[in-house]
Amino acid sequence: MNFTLNNTPTTYDGDPERSVLTWLREDRRLTAAKDGCSGQAACGACLVEIDGKPVLACSTPMRKLAGKRVLTLEGFPEDLRRTLGRAFAEKGAVQCGFCTPGFLTRTKLLLEQNADPAPEEVIKAVRPHLCRCTGYVKIVDAILEAARMLRGEESVSFHSGPPRLGSSVIRYGAYERAVGSHVFTDDMHLPGMLHGALHFSAHPRARVLRIDIGKAMASPGVKRIITAADVPGERFVGMIVPDWPMYVAEGETTRTVADVLACVVAETMEQARTAAALIEVSYEVLEPLIDPEQSEASDILVHESGNLLAVKSIRRGGDVEQALHRSTFVLTETFTTAPIEHGFLEPECSVARPDPETGGVHFHTQGQGLYHDRDDVARVLGLPKEQVRATMVDSGGAFGGKEDLTVQHHAALAAWLLRAPVKVKLSRPESLRMHPKRHPMRLAYTAGCDAQGWLTALKARIVGDTGAYASVGAAVMARAATHAAGAYHVPVVDVESRAVFTNNIPNGAMRGFGVNQAVFAMEAMVERLCKAGGFDPWQFRHDNALDQGRMVTTGQVLGRGIGLRACLEALREPWERVRKSGRAGLSCGIKNCGIGNGLVEECVALVEIHEGGRLVLHHGWSEMGQGIHTVAAQFLAHELHIDDLTRIQVDSDTRYGAVAGATTASRGTYQLGRAVLDAATKIKADLQQGGSLETLAGRTYEGRYLCTDTAPGGEPGTFRSHVAYSFAAHLVLLDKDGKVQEVVAAHDAGTVVNRQMLEGQIEGGVLMGMGAALSERLRLEKGHLASDKFRDVGLLRADAMPKITVIAVDNADPEGPLGAKGVGEIGSIPTAPAIAAAYYRFDGLPRRTLPLEPPVAPVQDVQSPEGDTSWSCY
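Residue numbers (UniProt numbering): 1 to 874.
This is how it looks when you write it as structure tokens:
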């Protein structure tokens with residue numbers, strides 16, 4: 001068939017049912033259109049233009065191109081592509097950037113039809129697209145800005161000023177991501193590269209009797225099929241406990257449908273997947289354990305060590321039963337939360353190749369722990385760490401879901417065995433099946449307060465389903481316990497959390513790391529106590545809020561730099577405007593910065609100075625849309641008075657030895673910032689001897705941050721469990737039908753490093769919190785996915801976006817880098833409980849589960865001060 005591609009006549013005589021997206025990416029190396037949903041037409045990342053109309057390339061067969069005119073983002077007129085890319089970069093509409101090329105394509109088509117769209121027209125146009133990072137606010141802003149640029153009302157040049165602290169300097173690499181020229185892992189194509197596809201267990205619990213690879217091995221293009229017997233080193237991996245087998249062997253019992261039995265390596269990905277489906281496995285199917293309380297009581301073992309992974313207990317302040325008995329108001333409730341899919345737009349992918357420099361393997365990872373990934377891969381290969389190099393490729397979103405190994409060790413082992421480059425990637429259904437999710441929990445709470453509204457005691461028992469493998473489940477459930485009292489000072493605490501194995505898909509890290517569930521429960525108790533005692537919800541929270549000299553759940557007595565009350569005070573005026581509406585809800589949130597709890601945390605930054613005053617900054621953190629590259633470069637530029645951020649190149653690669661832990665616990669800004677400032681101090685000391693950056697060319701400066709002074713517990717006031725905490729207070733206003741209309745999010749983020757990125761993180765967190773409240777749930781049936789469709793996990797689209805107002809409370813952290821601290825997780829934590837509180841006031845019905853039951857008819861329809869039913873926070 002004949003057609004034109006980017007204005008060039010093109011002929012195709014291959015499989016007519018092959019997807020347009022596969023052909024574009026694999027044959028033509030046009031990679032701006034992304035594979036986010038594997039042909040499910042669910043995410044919009046693959047959008048192309050065919051005969052002037054928007055078409056999803058992932059679900060369009062090649063036969064439909066006959067006689068057509070196909071245009072991808074690479075084929076846009078350069079001035080148009082530049083204008084659109086700059087609008088998105090300048091307005092902060094790019095975070096991870098994986099979805100952005102699809103939005104740019106949609107923007108072109110929209111503005112050709114409507115040069116001056118209204119915001120609601122933009123929202124309608126982009127509804128087919130998913131973005132998990134931004135919350136859509138700045139995407140809409142960017143499209144409106146692009147329209148103004150194309151109408152000649154705005155300049156098309158960047159307006160980013162000097163990268164000083166607090167400025168909204170454009171995100172590092174934002175333009176390249178927007179126009180599709182940034183290389184994600186699946187965009188990599190190496191000469192002679194082979195492709196790997198995994199074969200998963202068909203059952204959550206079954207004895208593997210035989211794995212027959214005969215038919216698969218005879219399939220066209222197959223080079224090798226790898227099973228457990230081929231692993232030269234240690235077969236088990238894990239973030240904390242190495243209990244997750246890379247492959248389940250014949251004779252062993254599977255623990256989850258996330259288990260892998262084999263990897264087929266072939267010349268093309270299509271050949272590998274075809275062959276993987278031909279592997280025949282004989283099973284003895286066994287009944288799975290799918291409920292954590294059933295599992296803990298069962299004689300059937302998920303793991304030989306038992307079904308209880310970990311217990312975390314915190315008891316302080318005296319006898320909780322006596323404290324509750326003395327309380328004026330005491331309430332008991334039980335809450336449940338659902339497993340949630342992260343919804344990052346880029347599925348897992350890794351590319352590995354033999355490394356001639358070391359005689360080992362060099363692999364590219366999009367994971368969240370560069371050095372942990374390297375160490376696990378080295379153990380699997382049976383090689384010393386020095387022979388394994390890991391390069392971090394900026395990720396298309398993660399939110400905790402890429403902490404565990406999924407494909408990295410499979411790609412590395414295949415490359416090692418075949419002595420060739422190998423790419424292994426997951427399809428969207430495989431991604432849903434394999435990576436750990438947010439923990440579903442059962443939280444039994446009893447809380448009390450006195451007649452004046454002072455909290456007196458909390459008793460909590462929390463059980464979490466950690467799924468089939470440990471992942472970071474023990475730490476997640478410990479964090480639920482250490483944050484069980486939420487953002488409040490409670491004198492007497494008795495908390496216990498339990499992480500229990502089941503045969504469900506593993507549960508692990510997700511934005512908030514167990515705190516979201518605990519805060520939801522505690523905030524619901526606060527609402528119930530306010531109603532029982534007739535207390536004002538704002539005043540009750542302000543009275544009991546954590547502050548200097550008060551204790552968090554663990555017993556740590558807080559020092560300076562606690563901005564929670566300032567957050568509440570920032571909400572006082574909008575709360576007073578809407579509190580009588582019967583539609584408004586408040587919530588507070590807290591999130592630790594740093595892992596803490598006695599663990600040593602280390603971070604190194606290396607700054608190379610090159611000719612012309614150009615700098616290269618090496619670190620070990622993962623850039624996954626949160627902006628760690630930008631923040632690090634901005635700290636360095638601020639300290640060295642560099643006015644052009646493009647003079648600083650940033651990367652993450654184990655080759656350079658800039659060690660760091662996993663990108664988790666909202667600690668990147670804090671720890672890398674401290675290390676960068678340490679390096680900058682040494683550079684400035686040399687500059688004071690005379691000369692300039694140019695005269696220092698050829699030198700490398702090391703900066704280091706080391707934390708050794710936290711503890712898991714002790715007598716109150718004698719220890720600190722974390723070096724810092726982030727705090728927030730959210731106000732939610734519903735419309736007359738019970739839909740979320742406005743969210744006002746006040747955040748203590750320490751000193752603001754980049755205001756636009758701060759807003760973007762909070763806006764994205766708010767929408768993620770809304771999703772948890774309204775729709776997000778990964779449905780399982782007896783350990784199996786009830787659906788492997790991306791559109792069925794409940795992610796919110798642009799038409800769900802409320803008006804979001806972000807208030808940054810200026811509150812420097814006394815130990816943070818120039819007063820800064822992390823905000824990566826806190827934005828998602830208070831939103832769901834604030835919506836639950838608003839629902840409670842709307843219809844009077846208490847809610848005990850996430851996601852929430854939708855509101856019913858309001859208790860009463862209250863007129864606003866303007867004399868109608870249209871309420872607004874401002």
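Glycine is no exception: its CB is placed at the ideal position from the N, C-alpha and C atoms.
With respect to the beta strand (DSSP E) encompassing residue i, which residues constitute its N-terminal and C-terminal limits?
{"i": "residue 501", "result": "492 to 501"}
{"i": "residue 580", "result": "Unbroken run through residue 580: none, as it is neither H nor E."}
{"i": "residue 829", "result": "Taken as a continuous stretch (DSSP letters only), residue 829 belongs to no beta strand (DSSP E), as it is neither H nor E."}
{"i": "residue 301", "result": "It is not in any beta strand (DSSP E) - residue 301 carries neither H nor E in the DSSP assignment."}
{"i": "residue 602", "result": "601 to 609"}
{"i": "residue 649", "result": "648 to 651"}
Using beta-carbon positions only, say whether residue i and residue j come within less than 8 Å of one another.
{"i": "residue 399", "j": "residue 363", "result": "no"}
{"i": "residue 171", "j": "residue 94", "result": "yes"}
{"i": "residue 380", "j": "residue 413", "result": "yes"}
{"i": "residue 429", "j": "residue 38", "result": "yes"}
{"i": "residue 835", "j": "residue 753", "result": "no"}
{"i": "residue 65", "j": "residue 48", "result": "no"}
{"i": "residue 782", "j": "residue 220", "result": "no"}
{"i": "residue 726", "j": "residue 823", "result": "yes"}
{"i": "residue 502", "j": "residue 327", "result": "no"}
{"i": "residue 11", "j": "residue 4", "result": "no"}
{"i": "residue 195", "j": "residue 261", "result": "no"}
{"i": "residue 111", "j": "residue 73", "result": "no"}
{"i": "residue 848", "j": "residue 329", "result": "no"}
{"i": "residue 776", "j": "residue 765", "result": "no"}
{"i": "residue 875", "j": "residue 660", "result": "Any answer about residue 875 is impossible in this case: the structure gives the chain only from 1 up to 874."}
{"i": "residue 825", "j": "residue 498", "result": "no"}
{"i": "residue 272", "j": "residue 350", "result": "no"}
Since residue i contacts residue j with CB under 8 Å, what's their CB separation in whole angstroms?
{"i": "residue 785", "j": "residue 433", "result": "6 Å"}
{"i": "residue 145", "j": "residue 90", "result": "7 Å"}
{"i": "residue 821", "j": "residue 724", "result": "5 Å"}
{"i": "residue 238", "j": "residue 323", "result": "Actually they are not in contact, since the Cβ atoms of residue 238 and residue 323 sit about 39 Å apart, beyond 8 Å."}
{"i": "residue 483", "j": "residue 590", "result": "6 Å"}
{"i": "residue 83", "j": "residue 150", "result": "6 Å"}
{"i": "residue 63", "j": "residue 51", "result": "At roughly 15 Å, the Cβ-Cβ gap does not stay under 8 Å, so residue 63 and residue 51 are not in contact."}
For residue i, count neighbouring C-beta atoms within 10 Å of its own C-beta (all shown protein chains included) and say buried if the count is 16 or more, exposed if not.
{"i": "residue 153", "result": "exposed"}
{"i": "residue 876", "result": "Since the first residue of the chain shown is 1 and the last is 874, residue 876 is not available in this structure."}
{"i": "residue 339", "result": "buried"}
{"i": "residue 163", "result": "buried"}
{"i": "residue 856", "result": "exposed"}
{"i": "residue 395", "result": "buried"}
{"i": "residue 182", "result": "buried"}
{"i": "residue 560", "result": "exposed"}
{"i": "residue 210", "result": "exposed"}
{"i": "residue 325", "result": "exposed"}
{"i": "residue 583", "result": "buried"}
{"i": "residue 612", "result": "exposed"}
{"i": "residue 178", "result": "buried"}
{"i": "residue 527", "result": "buried"}
{"i": "residue 301", "result": "exposed"}
{"i": "residue 2", "result": "exposed"}
{"i": "residue 761", "result": "buried"}
{"i": "residue 29", "result": "exposed"}
{"i": "residue 580", "result": "exposed"}
If you follow the alpha helix (DSSP H) that residue i is part of, which residue opens it and which one closes it?
{"i": "residue 409", "result": "408 to 418"}
{"i": "residue 119", "result": "119 to 126"}
{"i": "residue 211", "result": "Premise fails: residue 211 lies in the beta strand (DSSP E), 206 to 212, not in any alpha helix (DSSP H)."}
{"i": "residue 249", "result": "Element bounds for residue 249: n/a, residue is neither H nor E."}
{"i": "residue 113", "result": "100 to 113"}
{"i": "residue 533", "result": "515 to 533"}
{"i": "residue 325", "result": "320 to 326"}
Taking CB distances under 8 Å as the criterion, tell me whether residue i reaches chain D.
{"i": "residue 209", "result": "In summary, chain D is missing from the structure at hand, where a single protein chain is found."}
Beta strand (DSSP E) runs contained entirely in the UniProt domain "2Fe-2S ferredoxin-type" (1 to 76), provided each spans 3 or more residues: 2 to 5, 8 to 11, 47 to 50, 53 to 56, 69 to 71
Residue ranges of each alpha helix (DSSP H) within the stretch 713 to 784, 4 or longer: Fully enclosed alpha helix (DSSP H) runs of 4 or longer: 755 to 774.
Uninterrupted alpha helix (DSSP H) stretches inside the stretch 345 to 397 (no shorter than 4 residues): 370 to 381
Identify every run of the beta strand (DSSP E) within the stretch 670 to 720, keeping only runs that are complete inside it and at least 3 residues long; order them along the chain. 700 to 707
List, from N- to C-terminal side, the beta strand (DSSP E) runs of 3 residues or more that fit wholly inside the stretch 443 to 499. 455 to 467
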